[in-house]
Structures are given as structure tokens and as C-alpha cells.
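Each protein sequence line maps, in turn, to chains A and B.
Read in order, the letters of the first sequence are residues 0 to 252 in numbering that gives the first Met the number 0.
Read in order, the letters of the second sequence are residues 0 to 252 in numbering that gives the first Met the number 0.
2 protein chains.
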Amino acid sequence: MKILVTNDDSIHAKGIRTLIKIAREFGEVTVVAPDSPRSGTGHGITIATPLRLKKLHEEDNYREYMSNGLPVDCVKLGQKLLFDGSQPDLVLSGINHGSNASTNVIYSGTMAAVIEACIEGMPAIGFSLLDHAPDADFSQAEDFIRDIIKTMIENPLPKGTCLNVNIPKIKKEEILGVRVCKQANAFWNEIYVERRDPFGIEYFWLDGEFVGEDADPESDMWALNNHYISVVPVHFDLTDYKQLNPIKHLLGK
Amino acid sequence: MKILVTNDDSIHAKGIRTLIKIAREFGEVTVVAPDSPRSGTGHGITIATPLRLKKLHEEDNYREYMSNGLPVDCVKLGQKLLFDGSQPDLVLSGINHGSNASTNVIYSGTMAAVIEACIEGMPAIGFSLLDHAPDADFSQAEDFIRDIIKTMIENPLPKGTCLNVNIPKIKKEEILGVRVCKQANAFWNEIYVERRDPFGIEYFWLDGEFVGEDADPESDMWALNNHYISVVPVHFDLTDYKQLNPIKHLLGK
Numbered sequence: 000m001k002i003l004v005t006n007d008d009s010i011h012a013k014g015i016r017t018l019i020k021i022a023r024e025f026g027e028v029t030v031v032a033p034d035s036p037r038s039g040t041g042h043g044i045t046i047a048t049p050l051r052l053k054k055l056h057e058e059d060n061y062r063e064y065m066s067n068g069l070p071v072d073c074v075k076l077g078q079k080l081l082f083d084g085s086q087p088d089l090v091l092s093g094i095n096h097g098s099n100a101s102t103n104v105i106y107s108g109t110m111a112a113v114i115e116a117c118i119e120g121m122p123a124i125g126f127s128l129l130d131h132a133p134d135a136d137f138s139q140a141e142d143f144i145r146d147i148i149k150t151m152i153e154n155p156l157p158k159g160t161c162l163n164v165n166i167p168k169i170k171k172e173e174i175l176g177v178r179v180c181k182q183a184n185a186f187w188n189e190i191y192v193e194r195r196d197p198f199g200i201e202y203f204w205l206d207g208e209f210v211g212e213d214a215d216p217e218s219d220m221w222a223l224n225n226h227y228i229s230v231v232p233v234h235f236d237l238t239d240y241k242q243l244n245p246i247k248h249l250l251g252k
Numbered sequence: 000m001k002i003l004v005t006n007d008d009s010i011h012a013k014g015i016r017t018l019i020k021i022a023r024e025f026g027e028v029t030v031v032a033p034d035s036p037r038s039g040t041g042h043g044i045t046i047a048t049p050l051r052l053k054k055l056h057e058e059d060n061y062r063e064y065m066s067n068g069l070p071v072d073c074v075k076l077g078q079k080l081l082f083d084g085s086q087p088d089l090v091l092s093g094i095n096h097g098s099n100a101s102t103n104v105i106y107s108g109t110m111a112a113v114i115e116a117c118i119e120g121m122p123a124i125g126f127s128l129l130d131h132a133p134d135a136d137f138s139q140a141e142d143f144i145r146d147i148i149k150t151m152i153e154n155p156l157p158k159g160t161c162l163n164v165n166i167p168k169i170k171k172e173e174i175l176g177v178r179v180c181k182q183a184n185a186f187w188n189e190i191y192v193e194r195r196d197p198f199g200i201e202y203f204w205l206d207g208e209f210v211g212e213d214a215d216p217e218s219d220m221w222a223l224n225n226h227y228i229s230v231v232p233v234h235f236d237l238t239d240y241k242q243l244n245p246i247k248h249l250l251g252k
């Protein structure tokens, strides 16, 4: 089994090391990850500037590359340049330092890599731990991640569906299990910090907190708040089907 | 009515001038647009570097700003800094130079601005013309855009739904009308052009063509290929609801 691993926190992040370790139990692993953090870069792709791909390490059944690109670029570069015209059998992204639950999935580079793989027809799973710390403890998540990967290899998802897995920041023995959920309807409450640079020109820097108040027990926020690992099946069809007929009524056909 | 206008092709693009002209017929207009092209930046936000916001022009019921940020940043900066704690009544994005139909919506900065406004609870519409040329002729689209904006002001969409409007590159009299559609299942066929820089180091540059072959007459690609303007209602819930139960069966709860 050929597995492509990427993330958005960069090749230097702690989280990707845990995911690489687990991935190597399942087959040949190729890592293509950004050379520096790309959090919050969403589904951006690099089209106006050249991309670089540098091999850092190679050994039996393992290759590691870094790129100056975004997470979606890493998936594309890996797929198109490193698999001899075939495709990886599985794409894994993460483990992200911080939540990609609820609407965070929209901004997430980690999940953009997963969605890109899904658009290209590859099975793909993104993993995130609800701990932003660079030295976060990912060991508690290992067994759950291994089980989810194993289950999804044995029971492949239909093309067009990928998974967004989030893991609460609690001890392993406190985790009550896995819940399959929908994306919670919760949001960031943000402000811009206003400062002046040494030249007296004002600048703005985004700050905020996530107000995760979706009380629906079917939502990923509820699962995480109640000591479950959340698994959301994600697709890339943004059509709001419920509104098709009302808008047809308004706009003609 | 207070309207925020943005795009991803930059404040210097021709397409945004047509949209500004139409928007000013409906109320007070504030423009916040990127200082250079940001095509393909998806739902990226700027979190690791400071943002700038520079006023370029002001007159009665009109203000124009440019920012070093991404399209989503432009919506956030405009909303949070320029509306005295209230919200714009409407956010318009575009007119994009090039298609945002089908899966292009995932990569589009133009539509990311619309989706961001939607997440923040504001009515929002994105407009795109299927012509990449910097000097594309947007005049053919004006009446249709005006009508769509008017209809959506008179009949507001529910919160959580926004619109992705694409206009074919044909003469006005050849346009057969507006069709409300779903996002087509069509894709880019891409390659990396490989070159070497003046120092002999290889680099890669994305190139490709869109293979828009979704034959479903309910899809936006079909509408555009058949001389209709496509209108897709878009939401930001990526949950693949059809897969919830099958995956619950696999992963436990």
C-alpha cells in the first residue's frame, strides 16, 4: 500500500511525526509537507510562482520531501511527480496541532489537503488534536488513529467522500470512543488588534476565540465537548440542495 | 443599503469596476480588495503576518480601500473595521475574470469571500465571467447582474446560503436566461511544467485545463455550455450526510 502523508503545520511539526510512524505500519510512505507553517491557508493553490520540492530523507519504504507550497500543492506535487503516473492508495494529513472541527474545516490547510486528494479520487483522512501547543502530546491518539485507518482501508469510502477526524485534548483513558458526526454550526468571534509599525503606519492582526456552542448531539463540537473523537464525512459539493427550488422559483428556471 | 464589494483579481482588475458601478445603483458602497491578484487562494486567511488597509478614494456614498490580504481578509477587514460595529447589508464579490463553476468554487478567492460573508451571516453573491482576459468585456453581463442583485435584495436568502453566479462568454443576445443549478462534478486535468532556474535548481509550475464533462442538465457546467447563466446556491456545511449512517456502522457510534 502506497501512502502519501502531508500536513499544514510543516515538515518540522511534531504532529506529522506521529502520523508518519503510524502510516509506516501500513505500507510505503511518501511525505510531502510544507517547509514552514501554512495554517489557515484553506484550499489555496500556488499558481503565480514556481514551486520547489526538496528530498530530505530516503530509506526502505520511506521518502520525505518538503516544499515551499501550500498543503494542496503538496498533495498535487506528490501525486503527480512521485508516484510514476499512478496514485497513492491513501492520503493522510496531520496530525494537526489544533481543532479542525466545525467551520474550522473551511479554513484548514490540513483538511484542504484531504479534500484535494478526495477531488482527485484518492481515499483521504485528516487528523487533528485539540491542542495548539508545538509540544502537544499526540501519543494518546495513536491507537484510535491506527484503528480508524485500518477500518477505512478494509472498508473503503465511496469516491467523493473523505474524513475529518478530531481528537479531544484529554487522557486516552478518558476518551469514550468515536462518534460519526455532522459539522457543527459554530463560529469564530474575532477582532483585529490595531498597532503601528516603527514607521508609524497602522497594521491589523487577526485575533479571536472559537465560540463552539452548537448543542446538537449529532455535531462534532458536541462529541468533542463530551469526550468523544469526532469523525465527519466530508464532501466537496458545496451546493445547498435545500435552496435549489426556492431560488428556482425566484430566478426563473 | 450598505454594500461591501471585493474580489480576488485585485483592486486594479477590470471586473470589479463593473460590479462597483452596479452596486452603487443600490446604495452606499465600500470596496475592500486585494492590492494584487489572489486567484486560487481558496479560503485562506492571513494569521501569521500583519495586514494593511489603505484608503484609495472617497466620495459621496463611496469608499475604496486596498489591502495586502487575501479575499477572505478583505471581507473580515471591511466588516470589522469600516461599518462601525454593524454589518454590511450585502456583500458582492467579482466580477471574476474566469469561471468559478463546478469544483472551481473550492479554489476560488472570489467565492471564498462570498462564503466568508455567509459564515458571518451576511447576504452574499459572487459573480464570474467565463473569460480570463484582463480586458474581458463585462458589459454583456450588467443587466443580468443587476436583476439578480435586485431579486435577492427583495427576497433575501436564509442565513447560511449564498450564491455562485457564472456568466458564459457569449453575446448578451445569445444568453438564454438564468438557470439555478447544482455544482457540476468536473475537474482540472493538470501537469507540472518542470524547468531549471538560473542556478540549475529545478522548479515546478502548475498548468492544466478544466475538463468540464458533467452532462447532468441540472449542473452549472451544462447550463454554461448551453448558453445560460448558472446560479448555484452554496452553503458552508461540508458534511456528506449520505455517508453518516454507513460510516456510523463501521466506526461504532
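Think of the CB as a built atom: it goes at the ideal place given N, C-alpha and C, for glycine as much as any other residue.
Query, Result
"Unbroken stretches of the alpha helix (DSSP H), 4 residues or longer, contained in the segment 140 to 208 of chain B", "141 to 153"
"Proximity of B/Ser101 and B/Met220 at Cβ, strictly below 8 Å", "yes"
"Beta carbon of A/Gly108 nearer than 8 Å to that of A/Pro157", "no"
"Sequence-distant residues of the same chain with beta carbon closer than 8 Å to B/Cys180, five excluded per side", "Glu217, Ser218, Asp219, Trp221, Ala222, Ser229, Val230 and Val231"
"Given 8 Å, three or more beta-carbon pairs between the segment 82 to 98 of chain A and the segment 110 to 123 of chain A", "yes"
"Three-way DSSP call (helix, strand, coil) for B/Glu24 in this model", "coil"
"Min CB distance B/Arg51 to chain A below 8 Å", "yes"
"Among B/Asp59, B/Gly43, B/Met151 and B/Glu58, the one whose alpha carbon lies nearest that of B/Lys75", "B/Gly43"
"C-alpha distance - A/Gln182 paired with B/Asp236, whole-angstrom precision", "6 Å"
"C-alpha distance - B/Gln242 paired with A/Ile152, whole-angstrom precision", "16 Å"
"Contacting residues, own chain, Cβ-Cβ under 6 Å from B/Asp206 (five flanking each side not counted)", "Ile190 and Val192"
"Within chain B, the residues that A/Ser138 reaches when beta carbons sit closer than 9 Å", "Those do not exist, as A/Ser138 stays about 21 Å from chain B at its closest Cβ, beyond 9 Å."
"Candidates A/Glu208, A/Met121 and A/Gln139, of which the one nearest A/His226 by Cα", "A/Gln139"
"Counted within 10 angstroms of its Cβ, other Cβ atoms place B/Ser98 as buried (16 or more) or exposed", "buried"
"Short CB-CB distance (under 8 Å) between B/Ala111 and chain A", "yes"
"Proximity test, Cβ basis, 8 Å: B/Phe25 and chain A", "no"
"Start-to-end residues for the beta strand (DSSP E) that takes in A/Tyr106", "Looking at the DSSP string, A/Tyr106 is not in any beta strand (DSSP E); the run it does join, the alpha helix (DSSP H), is Asn103 to Tyr106."
"Per-residue DSSP class, three states only, for A/Ala32", "strand"
"Contact with chain A by B/Ser98, beta-carbon distance below 8 Å", "no"
"Contact set for B/Asp215: own chain, Cβ-Cβ below 8 Å, skip 5 residues either direction", "Lys181, Ala183, Asn184 and Trp221"
"Extent of the continuous alpha helix (DSSP H) run through B/Pro245", "Leu243 to Leu250"
"DSSP beta-bridge partners of A/Ile228", "A/Val177"
"Test item: CB-CB of B/Val260 and B/Leu162 under 8 Å", "With chain B represented from 0 up to 252, any question about residue 260 of chain B goes unanswered, as that position is not in the structure."
"Within-8 Å CB hit, B/Gln182 to chain A", "yes"
"B/Asp213 burial status per 10 Å Cβ neighbour count (16 or more: buried)", "buried"
"Any chain B beta carbon closer than 8 Å to A/Tyr240", "yes"
"Cutoff 8 Å: B/Asp236 Cβ touching any chain A Cβ", "yes"
"Complete runs of the alpha helix (DSSP H) confined to the segment 68 to 114 of chain B [at least 4 residues]", "70 to 80 and 103 to 106"
"B/Met121 - partner residues in DSSP beta bridges", "Answer by DSSP bridge pairing: none, since B/Met121 is not bridged."
"Nearest candidate by alpha-carbon position, reference B/Leu81, set A/Asp136, A/Gln86, A/Phe203 and A/Ala111", "A/Phe203"
"DSSP beta-bridge partners of A/Met65", "A/Ala32 and A/Lys53"
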